[in-house]
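Please read the structure below before turning to the comments.
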Amino acid sequence: MSLLTFEGGIHPPGHKELAEHSPIVDAKSPARAVIPLSQHIGAPCESIVEMGQEVKKGEVIGNPGGFVSAPVHASVSGKVVANGSFPVPNGRMVPCVVIENDGKEEWTTLRDSPDYMDLSPEELKEKIKDAGIVGLGGAAFPSHVKLSPPKEKPIDTVIINGAECEPYLTADHRLMVETPSDVVAGLRVIMKILGVEKGFIGIENNKPDAIEKMQQTVSGENNIEVKALQVKYPQGAEKMLIKSILDRDVPAGGLPMDVGVVVHNVGTAFAIFEACRYGKPIIERVVTVTGLGIMEQKNLRARIGTLISRLIDECGGFTNDGPVKVIVGGPMMGFAQYSMDVPVIKGTSGVLVMSAAEYTPSEKFGPCIRCGRCIDVCPMGLMPSMLSLYSEKGHYEECKEYNLFDCFECGSCTFVCPSKRPIVQLVRLAKSQVKP
Amino acid sequence: MTAKDIFKITANLVVIYVVGGLLLAFVYAKTSPIIFLKNKQEKEEALQKMMPNADKKGIIKLGDWYPHDKDAEYFVAKKDGKIIGYIVQTFAKGYSSYINILFSVGTDFRVKKIDILHSAETPGLGDEITLPYFKKRFRGKDLAHLKVVKKPSKEYIEAVTGATISSRAVTEDGVRKGLEFLIKALKKREVKHEQ
Amino acid sequence: MSNEDRISNWQLIKNGIFKENTIFRLVISLCPSIAVTNSVKNGFLLGVAVLFVQTMVNTTVAIFRKFIHPKIRIPIFMLIISGWVTVVDMVMAAYARAAYKEIGLYIQIIVAFASILARAEMFASKNRVCNAFFDGLGSGLGFLLALVLISFFRELLGRGSLWGFHIVQAKPMLIFILPAGGFLAVGLLMAFFNWIDMRFYGGKGAGGASGH
Amino acid sequence: MEAIKKQHELVVSVSPHLKSEETTSRIMWTVSLSLLPAFISGAYFFGPRAVITTAICIITALLSERAFQKITNREDTISDGSAFLTGLLLGMNLPATVPFYIPIIGTVVAIVITKQLFGGLGYNIFNPALIGRAFVLITWPRAMTTWMKPDAAFMRFDAISAATPLGILKEEGLAKLLALFGDKLNLYTELLVGHRAGSIGETSVIALLLGAAFLVYKRYISLHIPLSFIGTVAVIAWLFGGKEGLFTGDPLIHIMSGGLMLGAFFMATDYVTCPSVKKGQIVFGIGCGLITMLIRLKGGYPEGVMFAILLMNCFTPLIDRNLRSKVFGFMKKEAK
Chain A
30 MSLLTFEGGI HPPGHKELAE HSPIVDAKSP ARAVIPLSQH IGAPCESIVE
80 MGQEVKKGEV IGNPGGFVSA PVHASVSGKV VANGSFPVPN GRMVPCVVIE
130 NDGKEEWTTL RDSPDYMDLS PEELKEKIKD AGIVGLGGAA FPSHVKLSPP
180 KEKPIDTVII NGAECEPYLT ADHRLMVETP SDVVAGLRVI MKILGVEKGF
230 IGIENNKPDA IEKMQQTVSG ENNIEVKALQ VKYPQGAEKM LIKSILDRDV
280 PAGGLPMDVG VVVHNVGTAF AIFEACRYGK PIIERVVTVT GLGIMEQKNL
330 RARIGTLISR LIDECGGFTN DGPVKVIVGG PMMGFAQYSM DVPVIKGTSG
380 VLVMSAAEYT PSEKFGPCIR CGRCIDVCPM GLMPSMLSLY SEKGHYEECK
430 EYNLFDCFEC GSCTFVCPSK RPIVQLVRLA KSQVKP
Chain B
13 MTAKDIFKIT ANLVVIYVVG GLLLAFVYAK TSPIIFLKNK QEKEEALQKM
63 MPNADKKGII KLGDWYPHDK DAEYFVAKKD GKIIGYIVQT FAKGYSSYIN
113 ILFSVGTDFR VKKIDILHSA ETPGLGDEIT LPYFKKRFRG KDLAHLKVVK
163 KPSKEYIEAV TGATISSRAV TEDGVRKGLE FLIKALKKRE VKHEQ
Chain C
-18 MSNEDRISNW QLIKNGIFKE NTIFRLVISL CPSIAVTNSV KNGFLLGVAV
32 LFVQTMVNTT VAIFRKFIHP KIRIPIFMLI ISGWVTVVDM VMAAYARAAY
82 KEIGLYIQII VAFASILARA EMFASKNRVC NAFFDGLGSG LGFLLALVLI
132 SFFRELLGRG SLWGFHIVQA KPMLIFILPA GGFLAVGLLM AFFNWIDMRF
182 YGGKGAGGAS GH
Chain D
22 MEAIKKQHEL VVSVSPHLKS EETTSRIMWT VSLSLLPAFI SGAYFFGPRA
72 VITTAICIIT ALLSERAFQK ITNREDTISD GSAFLTGLLL GMNLPATVPF
122 YIPIIGTVVA IVITKQLFGG LGYNIFNPAL IGRAFVLITW PRAMTTWMKP
172 DAAFMRFDAI SAATPLGILK EEGLAKLLAL FGDKLNLYTE LLVGHRAGSI
222 GETSVIALLL GAAFLVYKRY ISLHIPLSFI GTVAVIAWLF GGKEGLFTGD
272 PLIHIMSGGL MLGAFFMATD YVTCPSVKKG QIVFGIGCGL ITMLIRLKGG
322 YPEGVMFAIL LMNCFTPLID RNLRSKVFGF MKKEAK
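Chains as they are written, first to last, in the numbering used here: chain A, 30 to 465; chain B, 13 to 207; chain C, -18 to 193; chain D, 22 to 357.
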């Protein structure tokens, strides 16, 4: 099978070997869960619990604030002890509900439906919405919105994104290896909701065991195909994935649905299956805790709201050299943390503890030597060199001429830049200064 | 625009033209005879320099010719009524300009002297054709030996180092063609005379 | 003439030479500054011709300034300029043959010098005859100074001579008498003037130096 | 929990947190290294004078860059290797026999006027080494066109002057060239090896190709510019290069002589002064080839690579502005 790919992209060191063979284990239930009310793109939730109120696992504690929004559930059973703003991994202060764990692990009543495949698409969608499912790949876009395309945009293909192109992260990998049938079941639910005949599962070629497992699972079904993808960052970006698998170009500024495609992450598919089958809301997710700065690299199924300091403790703590940088998310697009007291949220795919050996200091940067490397690697075909030069000189409006808003900040340009220019940062600065 | 404006503009122009015209007419009247005299004198001097032993007033224009479509003249030089040589003006296409050349030959059609009246060749390279050391190389050369070589040579014309194009232009396009023309023109005249 | 007037006239001359130097500060009339400056002699002679024309044009324009209808002022300025240039041309051809041979070709181009029209339009058409005269004198001197400076460098570096006299024995740097070297010399001198302005007078530099 | 925060000073920066190991100085030093074979061959054929001339260029380049940065209170960047590379390239573009003031002045022009006055590395419009060479070529045309006869006698300081193959081709024609080198095969071999008159670093085609192959392998240069440049030269040489009419020219002579190999692989591909989009690079290469052959066949100079690259340098911003990379999904949108 020839490997599918797109133009541009980079080959950062993968470091998947650190965690790819450690099976998913349940993390300890946290003593306190800090659950942010805004874990997704869209309107934040409104808290419906009061101080001192007893809640059970899976109980709704925040109601969606609009259509593009998703409810938030309690991930532990216990008492609400605080209701205020706490820092979350992206550096902001967000209103959170803090629940003191009573250790009973009592579930709220869930609507089990063994015959979920007989339900109507609308009912399935309702289940997904109620389960608070958002894109678990990191973008955290409410899933039910993706599953409700406008009528004028017919969808003909669903793609499950198993590329996991971010270095270090292995959460999706482990899910595919350990629970392939659940992932495929999630895909079937999505296909049913959208009324789509064709489904693909795109997996980067550096996970041969996952490809094999998935292929075994879907063998004998001709409407679902597993596609091996070339190992390249950002293979997992929606537009790149669609280009690789279907050779369709999502128009600039457009969405996958403009070319009749809906893309969901492996984790999301898994969560969708669990929601439809067991009515289980998102209260936990797989988080890869990795990096050379941590004693044991693990894939943990952690409750939403667990502070990452607890996950680090569970992995044996930091190594003796100590961490240099702690990143929530992948090394390419994740957020560096100044405190370990931030909770795992729905979009948290990994915690990366970089040791001195892995850390590239972002020393002072030099002038652009116009080598064109960034242009060659930009998956969107932009000219990051020009964007960074204009932004650096404060000519933000001119950036628009160079398609500023088509940049999705994958960081490939900054990775390859020999002058170590902070191109992504300059692009973000420009984006904040001008209107699209 | 009102009638007053038009009137004023007309008056403006009339006054400026009259004042300017008067000024220029005055200066012209003063200077033009001097300019004319000096021009003539300079030309005669230049020709005389080419053929120093000719009589004063002994250099007479024979006619016009048009190398590279430019106006040029040629002359005969006499001493005591006897022809002692000819002077030809010619143009040659150089590296970056047309080179205006004046050269004199004896009755044996060997070059006596050449002078570059005007050229705009590359300074420091091509414009060395105007220097005496190069011009001297033409002395005594006849038609057959007006040829550029790149080696030191007494027989032929040695090129200015690094300026072969300019040297070749002066020698072959300028002087040699001029000499060829002169010989032909003189023959024609002889035929005419005999008839 | 009052005392104050004299000071301001002196100021006008100084302005023309330094603060509003045609070539280095206003950055106009660059073509002649490159075309004729491959020897100090040429530069000086053309500078003198320009000085004369500039002064006379300024004076003439100032004399007629109330009389000239604004709608046709530019053509009239041009007429005045070309008239004076023709006078210079003829006088030089008659009485200064040697100089005329060197720069005769360029004298007539003085008509097209932006600097002369610029001074007539900017200053002479709005000021008294006396002031206009001194302004013409000043900017003419400034132009002369610029041409001499540029040609000084170009001839010294490009031919190893000054005013035709050989003074440097080393192989000259030919490029400086070619047009390319002219641009180089003008650019470097302009940079030097800007540097002086910035260093000692807190200026922001001239020509295209707007913005960062 | 508090303890963790206290214990560890964490670095907080924006994504991406991984950076490639490529640095500007590594690129510059690697390119310099790739010029080593050509430099060695130059030193072999032209003797100690070649080494001295190049060394003067490099030392002057480093000193003048440092001096300028000191005077203007700028950061010291000579360790990034770009000044070294400029000096090396300029040195390799000079005849071995030039008087010593030529490399010095040429390098100062290259570093101070062409590079630093325009804002330093990354901001220069023209290739500094080539401007330096153009400056000295125009300034001292005679010294710059007096070539030394290649001779493998290593310790010889005296030199016999000789014309370059292109010079002979232009002035005296192909027959004379063949007479000098024996037969065509011998001519090709000598050109390939570099046993001919020329600038220090331009003669040995094999050595240059070796260095270029290294750079291509390391992905420091792409083949877009060199191939379109050399290809255009070959086609035009074949079409118009012959004396007997169209299609009779000998492209190989034109490709292997002159500074084409050095220019196409090492000078035209200079990051700062060539277009950064591949489409634009092809246009750039073709333009270089056209101008080179125009000068070689019709112009006053026997060689035109330097002026061709410099002229195309002027067009680089224009090319970059008009031939941009294809934005993902953009054509589709417009077609709709």
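Quick reminder that beta carbons are idealized off the backbone N, C-alpha and C, glycines included.
Contact set for residue i: own chain, Cβ-Cβ below 6 Å, skip 5 residues either direction
{"i": "L198(A)", "result": "T317, G359, S378, G379"}
{"i": "G113(A)", "result": "none"}
{"i": "Q101(B)", "result": "A84, E85, L114"}
{"i": "G107(A)", "result": "I128, E129, N130, D131"}
{"i": "L332(D)", "result": "I312"}
{"i": "G152(B)", "result": "R122"}
Residue i, enclosing alpha helix (DSSP H) - first and last residue
{"i": "A62(A)", "result": "Where A62(A) is concerned, there is no enclosing alpha helix (DSSP H), although the beta strand (DSSP E) it sits in stretches over 61 to 65."}
{"i": "E167(B)", "result": "No alpha helix (DSSP H) holds E167(B); DSSP gives it neither H nor E."}
{"i": "W50(D)", "result": "45 to 55"}
{"i": "W259(D)", "result": "245 to 261"}
N- and C-terminal bounds of the beta strand (DSSP E) containing residue i
{"i": "E233(A)", "result": "227 to 233"}
{"i": "N130(A)", "result": "122 to 130"}
{"i": "K82(C)", "result": "Run containing K82(C): none in the beta strand (DSSP E); it sits in the alpha helix (DSSP H), 78 to 88."}
{"i": "A84(B)", "result": "84 to 91"}
{"i": "A104(B)", "result": "94 to 105"}
{"i": "G113(A)", "result": "107 to 116"}
{"i": "N209(B)", "result": "Any property of residue 209(B) remains undetermined from this structure, which presents chain B solely from 13 to 207."}
Beta-carbon proximity check, residue i vs residue j, cutoff 8 Å
{"i": "L26(C)", "j": "A75(C)", "result": "no"}
{"i": "I99(B)", "j": "I128(B)", "result": "no"}
{"i": "I77(D)", "j": "P124(D)", "result": "yes"}
{"i": "I(-2)(C)", "j": "G123(C)", "result": "yes"}
{"i": "A82(D)", "j": "A117(D)", "result": "no"}
{"i": "G112(D)", "j": "T166(D)", "result": "no"}
{"i": "V123(A)", "j": "L47(A)", "result": "no"}
{"i": "I90(A)", "j": "A111(A)", "result": "no"}
{"i": "V463(A)", "j": "Y425(A)", "result": "yes"}
Beta-carbon proximity list for residue i, same chain, < 7 Å, skipping 5 on both sides
{"i": "D185(B)", "result": "A104, K105"}
{"i": "R192(A)", "result": "The question names Arg, yet the displayed sequence has Ala at residue 192(A). G231, I232, E233, L258, Q264, G265, L270."}
{"i": "F394(A)", "result": "S448, K449, R450, P451"}
{"i": "L187(D)", "result": "S278, G279, R317, P323, E324"}
heavy atom of the ligand ATP below 7 Å from residue i C-beta
{"i": "Q326(A)", "result": "Inclusion of the ligand ATP in the displayed structure is not the case, the ligand content being empty and no account of it being possible."}
Close-in-space but distant-in-sequence residues of the same chain around residue i (CB under 8 Å, 5 per side omitted)
{"i": "P296(D)", "result": "Q302, V304, F305, T337, I340, D341, L344"}
{"i": "Y29(B)", "result": "none"}
{"i": "I39(A)", "result": "K261, Y262, V406, S441, F444, V445"}
{"i": "K26(D)", "result": "Because K26(D) carries a pLDDT of 45, less than 50, the predicted location of this residue cannot be relied on, and the following value inherits that uncertainty. Contacts found: none."}
{"i": "L194(B)", "result": "Y86, Y98, V100, V117, F121"}
Would you call the segment 319 to 328 of chain A in contact with the segment 223 to 242 of chain A, where contact means no fewer than 3 C-beta pairs closer than 8 Å?
no
For the segment 303 to 322 of chain A and the segment 160 to 167 of chain A, state whether three or more C-beta atom pairs, one from each stretch, are separated by less than 8 Å.
yes
Please list the segments of the beta strand (DSSP E) lying wholly inside the segment 132 to 202 of chain A, counting only runs of 3 or more residues, in order along the chain.
186 to 191
Alpha helix (DSSP H) runs contained entirely in the segment 80 to 146 of chain D, provided each spans 4 or more residues
103 to 113, 122 to 129
Cβ contact check for the segment 50 to 58 of chain D and the segment 228 to 244 of chain D: 3 or more pairs under 8 Å:
yes
Check whether the segment 432 to 450 of chain A touches the segment 401 to 413 of chain A, counting contact only when three or more Cβ pairs, one atom from each stretch, lie closer than 8 Å.
yes
For the segment 313 to 347 of chain A, list the alpha helix (DSSP H) runs that are entirely contained and at least 4 residues long, ordered along the chain.
337 to 343
Whether or not the segment 81 to 88 of chain A and the segment 335 to 346 of chain A are in contact is what I'm after, with contact meaning three or more pairs of Cβ atoms, one per stretch, closer than 8 Å; do they touch?
no
Give a yes or no on contact between the segment 29 to 44 of chain C and the segment 105 to 116 of chain C, applying the rule of three or more CB pairs nearer than 8 Å.
yes
Whole runs of the alpha helix (DSSP H) within the segment 243 to 325 of chain A, excluding any shorter than 4 residues
267 to 275, 295 to 307
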